[in-house]
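Protein chains in written order, with the numbering used here: chain V, 1 to 361; chain P, 1 to 361; chain A, 1 to 361; chain C, 1 to 361.
The structure appears right after this line, and notes come after that.
Protein chains: 4
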Amino acid sequence: MPSNFFGDFFRITTWGESHGKALGLTIDGVPAGINITPELLIAELKWRKPGSNLTSPRQEQDYPEILSGVFENKSTGAPISILFYNNNAEKSQYSTIKDKLRPGHANYTYLEKYGIYDHNGGGRASARETVCRVAASAIAKVLLPQNIKIYTYISNIGDISLPKDYTPSAEDLAQILNNPIFCPHKETADKMIKAIEEVKAEGDSLGGTVSFLMQGVPSGLGDPIYQKLEAKLASAMLSVPASKGFEVGMGFKSTTLKGSEHNDSWYNDNNSITQTSNNCGGILGGISTGAPIYGKVAFKPTSSIKIAQQTVTTNGENTNFSIPKSGRHDPCVAIRATAVVKAMCYLTLADSYLANKLAKV
Amino acid sequence: MPSNFFGDFFRITTWGESHGKALGLTIDGVPAGINITPELLIAELKWRKPGSNLTSPRQEQDYPEILSGVFENKSTGAPISILFYNNNAEKSQYSTIKDKLRPGHANYTYLEKYGIYDHNGGGRASARETVCRVAASAIAKVLLPQNIKIYTYISNIGDISLPKDYTPSAEDLAQILNNPIFCPHKETADKMIKAIEEVKAEGDSLGGTVSFLMQGVPSGLGDPIYQKLEAKLASAMLSVPASKGFEVGMGFKSTTLKGSEHNDSWYNDNNSITQTSNNCGGILGGISTGAPIYGKVAFKPTSSIKIAQQTVTTNGENTNFSIPKSGRHDPCVAIRATAVVKAMCYLTLADSYLANKLAKV
Amino acid sequence: MPSNFFGDFFRITTWGESHGKALGLTIDGVPAGINITPELLIAELKWRKPGSNLTSPRQEQDYPEILSGVFENKSTGAPISILFYNNNAEKSQYSTIKDKLRPGHANYTYLEKYGIYDHNGGGRASARETVCRVAASAIAKVLLPQNIKIYTYISNIGDISLPKDYTPSAEDLAQILNNPIFCPHKETADKMIKAIEEVKAEGDSLGGTVSFLMQGVPSGLGDPIYQKLEAKLASAMLSVPASKGFEVGMGFKSTTLKGSEHNDSWYNDNNSITQTSNNCGGILGGISTGAPIYGKVAFKPTSSIKIAQQTVTTNGENTNFSIPKSGRHDPCVAIRATAVVKAMCYLTLADSYLANKLAKV
Amino acid sequence: MPSNFFGDFFRITTWGESHGKALGLTIDGVPAGINITPELLIAELKWRKPGSNLTSPRQEQDYPEILSGVFENKSTGAPISILFYNNNAEKSQYSTIKDKLRPGHANYTYLEKYGIYDHNGGGRASARETVCRVAASAIAKVLLPQNIKIYTYISNIGDISLPKDYTPSAEDLAQILNNPIFCPHKETADKMIKAIEEVKAEGDSLGGTVSFLMQGVPSGLGDPIYQKLEAKLASAMLSVPASKGFEVGMGFKSTTLKGSEHNDSWYNDNNSITQTSNNCGGILGGISTGAPIYGKVAFKPTSSIKIAQQTVTTNGENTNFSIPKSGRHDPCVAIRATAVVKAMCYLTLADSYLANKLAKV
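As structure tokens, then:
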């Protein structure tokens, strides 16, 4: 059943497997008149690419071929199709493990559901699909008001966290991309890097949390009841491979507070109605207040590890499983997920932004 | 724009305001041949009703009038319309506060979005809408395999939590409904009740967390990429008023683990492929494994408190705001949210269950 | 599966059976700030009501109870729920025919599909559902630019047709509602009335064609490829009970023409780009040109007739079937269908009108 | 806004312009386990290709590159992406006419709607998009019960029609593809061919009607109210470029009949409930009866003609327009539309077939 699309207005449909010939997407719903060039997409895609010893050695050029919907560098209102060829897929390493259930992976559930599974590189279930989301987000970004700024960063890796009550300064935020682990706090970043290098050496992996922060979002985005902005964000984030949790504003911490502590007061600040605090995370009743929207997304440790684990074959024989030494996997998926979480923020906002054009007569 | 519907297959559309004449819903997509009676709905609705001194004194009969789609107690395939009259709405108390922004409430954002707001009882943004979800869930429950059991319970209220690493026994689960706070652990429940009574006396409120546990869910539910079962659940839960976070399986705790700790191993248990642990929470690659699905939903403290708070009028004048002493609000929304979280579990499963009929030829 | 809704933006979901307690609809997607009163709806509903000896003697008050989404006579952006009680349903007459397949009716196909059927008055398959469409269209009308005028009228009943090449004048159009058969040409109307009275006396029925004409539709409505304005209209019209065909512009006649005859030329008429003719019917490439949109919808003769027909029982026994003498059926469904075709025009335009707000940045 | 997709279950999303680098589609919703090869698609695509002097001289290889969703020749449940390169697009001929409104074409309405237009070969509005529909239909065909047979044929071209009351025999139907005009009646076909050759010589074009006949469709397909099978077919057919009308069963002719003439009687034919006639065209109440489904689709004459026509430039200057002598256009779009109408039949049935799996528990 159709489940490869995201968005009701700015609708992306993605396709392709990790080790197929190509993967890509179609965006149906881009208004006409937007400037679009491959360079815009490449700029956004750069971040998601493996680029350090903390990430997978698989090297894909990820050049976005724009095949339709753009005429003389402007969107025409027609669907935009973007294609990426897979140039660096190595199928050979999968032949030896193709009949084994991979702990933490989707092959068991895909087999149960579909009775067939493309085992090469995880097939459709691979995080490689997220390249399409990032490409789409570059177009969403052009569509949205240009004062919107979205930051995503790592707030913990394993048990190494940002300092308690730390809030990144504007300066810190500006440094995120200069840092292989995308953590705004230098000292913590160094510890995180060391921790990842250690588990990598062991053939193991680590979980991590990605924080997001959206500044400049206008009030009024999000729709009541089942299309609340936080509900759309939650769905967007839990669709990212390996994510296990989402919170907005004070999130789970708000469960420990009293109403008098959590409520944000309103006041008139020089003829502008504003709040004394932003515990709600920029959303009330499912609709943006105009204040920054912030929250977190939890990522489990990478399932593909080189340490032997107990498993069974698809025929039910007990056996062991480990990713071959040559296997190319991220020791911590949260790192590159910062680019994907950011992409999902843009895609969610773009959809809500278009929806909001219909709120009033 | 349409945002009052949930589900692609088992689709509910809800309507109505807190203090209007009635509210209700239409379910479009119920297969023909299911047994449906008002009694089935009443049984499920009972839980959600205020029933103790821990909840709102508003007394609504919540009798579900089934107006269509059922013939001789069986669903016909036609849409099922259910209506609830509002019998105990008191509009008068809202007239004095109608021009004030309510901290933590949706009136500011609704005004920004729509330019108009029904202030009576929170209008459309009121949690009263959830009565429709619970009614719908009773029908979803009949549709689903009868061995599915769903439990929801309170795992913390403010800083009072279930004991670390506590897992409720079957006996504990059976006791949840016998207890005004829906906490399976008697000793903790007593502390929670006391804490709520204290904040209630102060005119304040408390946040809390609702845990969910679904047993007997068949493998194969959920769809790849953007309709992953966890993404649908996340969206469902964040659509519940006052919710601020969602996690599945080990959730945020998984971010602190190594892959070798978090991965669940497979083994052949007497000709059945199963897992040595269930850290993933019963979902892999967005699709149910057949193991129990569990997780948590965070609820902020009730926004409506009787303590004075700073605010502004819709005209921008600084003023104070507090709910009148006669105001009828839950001191902790998490308590009654246990019924709504359960309803959202049923609705999400029903939708995925129908979708799954289309997976294979 | 959900199939009781129409529209992606201005979305109606209807429910209810012919002889149930009530029927109704929810409109999700009405922008905030529109004036709505029951009187507006009643004005539109009046037309559809049986009002002469040419239509069914069933008398329903058809009073629209607006239960939500309207606050102080303005739409709030929340879903609008409208309910109609069935006051004049007579179930008794259906008990004798409940086990017989009714020629031209849906009971066979509903039984094949659902295994269950509400036989009273045709259940869900009854044209009574169209009362909901007309009510919704009154709100669509308020939403649309007020210079849009939509006319529908009868262009043939059986073999009695409007004169060849007749086009109704503005004066003729203004007379449509003054005439029990909604035909703009007095002489033809008289012949049609006579023809209907004759078949009615025989216990038989007649087919007819409804023409539609929409003036003042702005250019730009309709969307490329699968949401072409003519495709949406076609779907809307073929969803009306008893309809068997749809055409726009020259329709089937265009198949007999040459391109040089059918093409409409463009010219500059005093700084306005316009066409020398309007053979295309106001739509090019699926998008409105700004010229009048016109076309036709074919309605088969009423299936319910009082003449005996051969049929079988649901158990397969050969038998005869005829509607009881007391049966209340329209001798020609096309007459009242003029109101429903008009409603579907409004609903389709409203949906396209909202969609069009998203075409350009 | 998204308008380039068709189907709710078997959902195709198409993209690409007539003279772009490529065009293609994604099918999201193909159940797992279906046999798919390029050869299957090529077999279906062959028909749509220009193949005689009655059609456009543009020669495209139309080789379908299947880029995803198929593993070892079987569908996996993942989206299937298919791409066609445009190899024979000639942009040069469009440069001279790019600023002229083309009578009967979409450039005026696209400009009004989007403010931008890809003039090369008609851009997105070109019938070249239909290659995607035919490719998708080859997969829909494999999914459907194999006893379903769909025939489409020309029933009139200009004023040359099949003989009155002619019904093609099984033998005639088998000959359709052997004939450059896809007309089952040899004598009429010869006249039609002559007529087309004449208008072609004049630089003019002709309209035509495509009849469809679907045998072996099981009962129960189609859904009540707004997803009636005839409503879905009508929408599908009116989405085909140049179509102006649709009818099913007796269609517009049914408006001239009495109920006693039009109703199909039921009888028990050797323990099978069947009808004495099939005037309804195999659908009652929006749901298939199991009898053949038949009807017609009207196509206007090709808009692109080589005869000079009056028009204006996009700047509003009055001028003349004619397609260059080298222009490559079909003199009668109805001919190749037979392949597209057939494709839309398959796509509509596939969607309804999947939907029907959800009708009963």
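The C-beta atom is built at its ideal place from N, Cα and C for all residues, glycine as well.
Practice problem: Using a Cβ-Cβ cut-off of less than 7 Å, give me the residues of the region 210-230 of chain C that come near chain A, in sequence order. | Solution: Ser219, Gly220, Asp223, Pro224, Ile225, Tyr226, Gln227, Lys228, Glu230
Exercise. Kindly say whether Leu143 of chain C, judged by its beta-carbon, lies nearer than 8 Å to any beta-carbon of chain P.
Key: yes
Quiz prompt | Cα-Cα separation, Ser137 of chain P to Asp351 of chain P | solution = 11 Å
Quiz item: Are the C-beta atoms of Glu17 of chain A and some chain P residue less than 8 Å apart?
Solution: yes
Practice problem: Write down every uninterrupted run of the beta strand (DSSP E) in the region 200-288 of chain A whose length is 3 residues or greater and which is fully enclosed by it, in chain order. | Solution: 208-215, 243-248, 266-268, 273-275
Quiz item: Name the residues in the region 180-214 of chain A whose C-beta lies less than 7 Å from a C-beta of chain C; which are they?
Solution: Val199, Asp204, Ser205, Leu206, Gly207, Gly208, Thr209
Quiz prompt | CB contact flag (Ala334 of chain A, Gly207 of chain A, <8 Å) | solution = yes
Practice problem: Look up Gln309 of chain A in the DSSP assignment and say whether it is helix, strand or coil. | Solution: strand
Exercise. Taking C-beta pairs closer than 9 Å, name the residues in chain V that Ala32 of chain A reaches, listed in chain order.
Key: Ala359, Lys360, Val361
Quiz item: Name the chain V residues that come within less than 8 Å of Ala78 of chain A, Cβ to Cβ?
Solution: Pro224
Exercise. Determine, using beta-carbon pairs with one atom in the region 99-108 of chain A and one in the region 306-321 of chain A, whether at least three such pairs fall under 8 Å.
Key: yes
Practice problem: Give the residues of chain P in contact with Leu354 of chain C, contact being defined as C-beta atoms less than 8 Å apart. | Solution: Leu358
Practice problem: Tell me, please, which residues DSSP counts as bridged to Asp28 of chain A. | Solution: A:Arg11
Self-check item: Chain-order list of residues whose beta-carbon lies under 6 Å from that of Ser211 of chain V (same chain, five-residue window excluded)
Solution: Tyr153, Ser155, Lys296
Quiz prompt | Cβ-based burial, Ser243 of chain P [other Cβ within 10 Å; buried from 16] | solution = buried
Exercise. For Gln275 of chain A, I'd like the list of residues in its chain whose CB is within less than 8 Å of its CB, leaving aside the five on either flank, ordered along the chain.
Key: Asp264, Ser265, Trp266, Tyr267, Thr289, Ala291
Quiz item: Is the region 64-81 of chain V close to the region 102-115 of chain V, with three or more CB pairs under 8 Å?
Solution: no
Quiz item: Which ranges would you report for the alpha helix (DSSP H) in the region 132-180 of chain V if only whole runs of at least 4 residues count?
Solution: 170-175
Quiz item: Can you find a C-beta in chain A that's less than 8 Å from the C-beta of Cys280 of chain C?
Solution: yes
Exercise. State the beta-bridge partners of Val70 of chain C as determined by DSSP.
Key: C:Ser75
Practice problem: Report, in whole angstroms, the separation of the C-beta atoms of Ile36 of chain V and Ser75 of chain V, which I expect to be a contact under 8 Å. | Solution: 6 Å
Self-check item: Residues near Ile323 of chain V in its chain [Cβ-Cβ closer than 7 Å; skip 5 each side]
Solution: Ser304, Ile305, Lys306, His329
Quiz item: Do you know offhand how far Leu144 of chain V's Cα is from Ser68 of chain P's?
Solution: 44 Å
Quiz prompt | Test item: CB-CB of Gly388 of chain C and Tyr94 of chain C under 8 Å | solution = Outside the shown range of chain C (1 to 361) lies residue 388 of chain C, about which nothing can therefore be said.
Exercise. Kindly list the residues whose CB is nearer than 7 Å to the CB of Tyr110 of chain C, restricted to its own chain and excluding five residues on each side of it in sequence; keep chain order.
Key: Tyr117, Ala125
Quiz item: Gly326 of chain C: which of C:Gly203, C:Ala236, C:Val341 sits nearest, CA to CA?
Solution: In the sequence under discussion, the amino acid at residue 326 of chain C is Ser, which differs from the Gly named in the question. Out of C:Gly203, C:Ala236, C:Val341, C:Gly203 has the C-alpha closest to the C-alpha of Ser326 of chain C.
Quiz item: Closest by CA to Ile12 of chain A, which one among P:Leu238, P:Asp28, P:Asp190, P:Tyr353?
Solution: P:Asp28
Quiz prompt | In DSSP terms, what Lys300 of chain C is bridged to | solution = Partner(s): none; Lys300 of chain C has no beta bridge.
Quiz item: What separation, rounded to the nearest whole angstrom, lies between the Cα atoms of Val240 of chain P and Ser254 of chain V?
Solution: 15 Å
Practice problem: Could you check which residue in P:Phe6, P:Val70, P:Glu44, P:Asn179 has the C-alpha nearest to that of Asn53 of chain P? | Solution: P:Asn179
Quiz item: How do the region 214-228 of chain V and the region 155-165 of chain V stand: do at least 3 beta-carbon pairs fall below 8 Å, yes or no?
Solution: no
Quiz item: What distance in whole Å lies between the Cβ atoms of Leu284 of chain A and Leu358 of chain V, which are believed to be in contact at a cut-off of 8 Å?
Solution: Going by Cβ atoms, the distance from Leu358 of chain V to Leu284 of chain A rounds to 26 Å, so no, they are not a contact pair.
Self-check item: Continuous alpha helix (DSSP H) stretch holding Tyr114 of chain C: start and end
Solution: 107-114
Quiz item: Does the Cβ-Cβ distance between Tyr151 of chain C and Leu221 of chain C come in under 8 Å?
Solution: no
Quiz item: Measuring CA to CA, which of C:Phe10, C:Phe6, C:Leu25 is closest to Thr14 of chain V?
Solution: C:Leu25
Self-check item: Any chain A beta carbon closer than 8 Å to Ser260 of chain C
Solution: yes
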